[in-house]
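Number of protein chains: 2
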Amino acid sequence: MIAIDWGTSSFRAFRLDAAGALRDRRAAARGILAVEGSRFEEELLSQVGDWLADGETRIIMSGMIGSRQGWVEAPYLHCPAGPAELAAGLVTVAFDCAALRLVPGLTCLDAAGMPEVMRGEETQIVGVLDGVGDALVCLPGSHAKWARVAAGRIAGFETYLSGEAFAALRGHTILGRMMREARSDPAAFDRGVAHAAAPGHLLHQLFGVRTLGLFGRLGEAESASYLSGLLIGHEVRAALPASAGTVHLIGAAALAALYARAIAAQGGQTVIHDEDAASRGLARLGEMAAWG
Amino acid sequence: MIAIDWGTSSFRAFRLDAAGALRDRRAAARGILAVEGSRFEEELLSQVGDWLADGETRIIMSGMIGSRQGWVEAPYLHCPAGPAELAAGLVTVAFDCAALRLVPGLTCLDAAGMPEVMRGEETQIVGVLDGVGDALVCLPGSHAKWARVAAGRIAGFETYLSGEAFAALRGHTILGRMMREARSDPAAFDRGVAHAAAPGHLLHQLFGVRTLGLFGRLGEAESASYLSGLLIGHEVRAALPASAGTVHLIGAAALAALYARAIAAQGGQTVIHDEDAASRGLARLGEMAAWG
Chain S
-6 MIAIDWGTSS FRAFRLDAAG ALRDRRAAAR GILAVEGSRF EEELLSQVGD WLADGETRII
54 MSGMIGSRQG WVEAPYLHCP AGPAELAAGL VTVAFDCAAL RLVPGLTCLD AAGMPEVMRG
114 EETQIVGVLD GVGDALVCLP GSHAKWARVA AGRIAGFETY LSGEAFAALR GHTILGRMMR
174 EARSDPAAFD RGVAHAAAPG HLLHQLFGVR TLGLFGRLGE AESASYLSGL LIGHEVRAAL
234 PASAGTVHLI GAAALAALYA RAIAAQGGQT VIHDEDAASR GLARLGEMAA WG
Chain B
-6 MIAIDWGTSS FRAFRLDAAG ALRDRRAAAR GILAVEGSRF EEELLSQVGD WLADGETRII
54 MSGMIGSRQG WVEAPYLHCP AGPAELAAGL VTVAFDCAAL RLVPGLTCLD AAGMPEVMRG
114 EETQIVGVLD GVGDALVCLP GSHAKWARVA AGRIAGFETY LSGEAFAALR GHTILGRMMR
174 EARSDPAAFD RGVAHAAAPG HLLHQLFGVR TLGLFGRLGE AESASYLSGL LIGHEVRAAL
234 PASAGTVHLI GAAALAALYA RAIAAQGGQT VIHDEDAASR GLARLGEMAA WG
């Protein structure tokens, strides 16, 4: 079986054996926004046509490929939902060269009754379900997701725009003028996390990034990490209940490590899972699927 | 006397008679960042040279012209500070064609011990001091200032980055993709203000701007106003104490009116002052100055 995590900006394919183990993998900067004229069929063949020629007959995909801007819009399933609901909700996509199934996204209502959505993260969470028990799973990124897992299903979740807000604030406000491109600075990140716990609203504390620079208390090579810590610190304080237990992080190593620092500063514990959670989740849903 | 409010992006000049009344005015998009090579002396002559030729001998200036990027860096005075401290702290600038004085900016520490700064707003506040008593004065803008006035002086203040954050989020995140350029929509603004009072952190609620659009609950012509309401709603909730009394707003009419709506939604009352507060503040400080 071929498992594909096809997001907004990236394409990742995994070739799995009958037991779900990884035989081969490839990745390309061919997210759905990069595919001219939405020619997803052509793109898919150009990426994994050789695996199909080599005998693969089944493909399962997750991510933004199932959105309105993707190949076929897969309706959102409502939480709580777990592997059984997701496998039963797989959408069949017409494709000449293999049986093709799409994992639906999830929706729920937040504490204020506002709609929430995810596409792709549900599959990554399925990929770590066996180990986590009832727990909080966090997937850092441009739009970070915090999901509650209970009884083997995703009970609900919340999205935080911290990652994209960081990029917009750094790139397009006065705060960025005082930032020099630099390596991540853990000490400056920790200062930002600590400041997130101080009195004052985030919209006020953001201006402090500038004044600390003006008064020589924050260097140009430190201020991007400080801003990142301030935003992630706010996110963690808001998303992490007092009695959270261990938080399971799924994501790129560097960013997951920053989240782990911020969660530790709040007294929380973390386990970091790698991004191949997507491959394991797709393998599991593919096993449960009706391939007809 | 000539009074000048010279900010980052704009230049405003007022010609005052001996009693401080307005004889003439002019404005230009010649903020300090627009003056090539920091040739401020030339710029000043090109803007008000005819008034000098007509007999004016004194100029008083406020705003970012007194910053590190300006003509001369005027040190910040510490709060509490009022007209007497500001007049005593005027900085003399060498200029061949008139006596030239610069109003210093103010600094203080916020509730978390972080430094705060303003340049120009202190002069606008002086311009409304006579009418306000002990009160909160709010100056909306890219970097909105909330100042506490007590016993005729500025006791302290806080800055909120809401305006600049709005522009960066609208222009450079996924939220902006769902926004059509449209007139301000008061009903959508009010919905944003109301949502700011709902459970959930701002960084989470920002993602709601997208999901409401996805589910057809917020139109493309409404979402910019909704985002503005969400940010200003958060700012007002954070900056407005329960027992604030009347808030005095100084600023452009349209933006001040939005702040008044958000403050009213929090049960507060407002008085809106026009932007000529700068002229009145400069007139008062000019009267008190030692022109030597």
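Here the protein sequences line up with chains S and B, keeping their order.
Each residue of the first sequence is one higher than the one before, counting from -6 in this note's numbering.
Each residue of the second sequence is one higher than the one before, counting from -6 in this note's numbering.
Just so you know, even glycine gets a beta-carbon here, dropped at the ideal spot from N, CA and C.
Do we get a CB-CB distance below 9 Å when we pair residue i with the residues of chain B?
i              : result
residue 107(S) : yes
residue 165(S) : yes
residue 192(S) : yes
residue 71(S)  : no
residue 103(S) : yes
residue 110(S) : yes
residue 161(S) : yes
residue 168(S) : yes
residue 228(S) : yes
To the nearest angstrom, how far is it from the Cα of residue i to the Cα of residue j?
i              : j              : result
residue 8(B)   : residue 114(B) : 20 Å
residue 250(S) : residue 265(S) : 8 Å
residue 228(B) : residue 75(B)  : 25 Å
residue 36(S)  : residue 149(B) : 60 Å
residue 177(B) : residue 256(B) : 18 Å
residue 186(B) : residue 258(B) : 8 Å
residue 17(S)  : residue 95(S)  : 21 Å
residue 87(B)  : residue 93(B)  : 7 Å
residue 201(B) : residue 107(S) : 7 Å
residue 22(B)  : residue 43(B)  : 19 Å
residue 193(B) : residue 5(S)   : 33 Å
residue 210(S) : residue 204(S) : 8 Å
residue 139(B) : residue 239(B) : 13 Å
residue 278(S) : residue 100(S) : 18 Å
residue 84(B)  : residue 135(B) : 27 Å
residue 81(B)  : residue 73(B)  : 14 Å
residue 167(S) : residue 55(S)  : 38 Å
residue 24(B)  : residue 179(S) : 38 Å
residue 46(S)  : residue 89(S)  : 13 Å
residue 276(B) : residue 120(B) : 8 Å
residue 212(S) : residue 218(S) : 10 Å
residue 123(B) : residue 261(B) : 21 Å
residue 66(B)  : residue 175(S) : 29 Å
residue 132(B) : residue 164(S) : 25 Å
residue 254(B) : residue 225(B) : 10 Å
For residue i, is the classification buried or exposed, using 16 other Cβ atoms within 10 angstroms of its Cβ as the cut-off for buried?
i              : result
residue 284(B) : exposed
residue 198(B) : buried
residue 31(B)  : exposed
residue 117(B) : buried
residue 50(S)  : exposed
residue 127(S) : exposed
residue 26(S)  : exposed
residue 222(B) : buried
residue 48(S)  : exposed
residue 236(B) : exposed
residue 182(S) : buried
residue 60(B)  : buried
Select from the options the residue whose C-alpha is nearest the C-alpha of residue i.
i              : options                        : result
residue 173(S) : 216(S), 79(S), 49(S), 201(S)   : 216(S)
residue 144(S) : 111(S), 24(S), 246(S), 77(S)   : 77(S)
residue 248(B) : 65(B), 156(B), 43(B), 234(B)   : 156(B)
residue 41(S)  : 72(S), 52(S), 32(S)            : 52(S)
residue 58(S)  : 125(S), 244(S), 1(S)           : 1(S)
residue 243(S) : 270(S), 232(S), 191(S)         : 270(S)
residue 146(S) : 154(S), 125(S), 162(S), 233(S) : 125(S)
residue 137(B) : 159(B), 50(B), -3(B)           : 159(B)
residue 11(B)  : 130(B), 220(B), -5(B)          : -5(B)
residue 71(B)  : 33(B), 91(B), 110(B)           : 110(B)
residue 97(S)  : 103(S), 69(S), 105(S), 104(S)  : 69(S)
Consider the Cβ of residue i: report whether some Cβ of chain S lies at a distance smaller than 9 Å.
i              : result
residue 312(B) : Absent from the model: residue 312(B). The displayed extent of chain B is -6 to 285, so no value can be given.
residue 259(B) : no
residue 290(B) : No statement about residue 290(B) is possible, as the shown extent of chain B runs from -6 to 285 and does not include it.
residue 241(B) : no
residue 78(B)  : no
residue 210(B) : yes
residue 220(B) : no
residue 66(B)  : no
residue 99(B)  : no
residue 95(B)  : no
Is there a Cβ of chain A sitting closer than 9 Å to that of residue i, yes or no?
i              : result
residue 224(S) : The displayed structure is made up of protein chains S and B, and chain A is not among them.
Query raised in the report: In chain order, what residues of the segment 133 to 158 of chain S put their CB closer than 7 Å to some CB of chain B?
Result: Only 136, 151, 152, 153, 154, 155, 157, 158 from the segment 133 to 158 of chain S bring a Cβ to less than 7 Å from some Cβ of chain B.
Query - the segment 195 to 208 of chain B: positions lying closer than 8 Å to chain S by Cβ - result: Flagged, chain order: 195, 196, 197, 198, 199, 200, 201, 204, 205, 207, 208.
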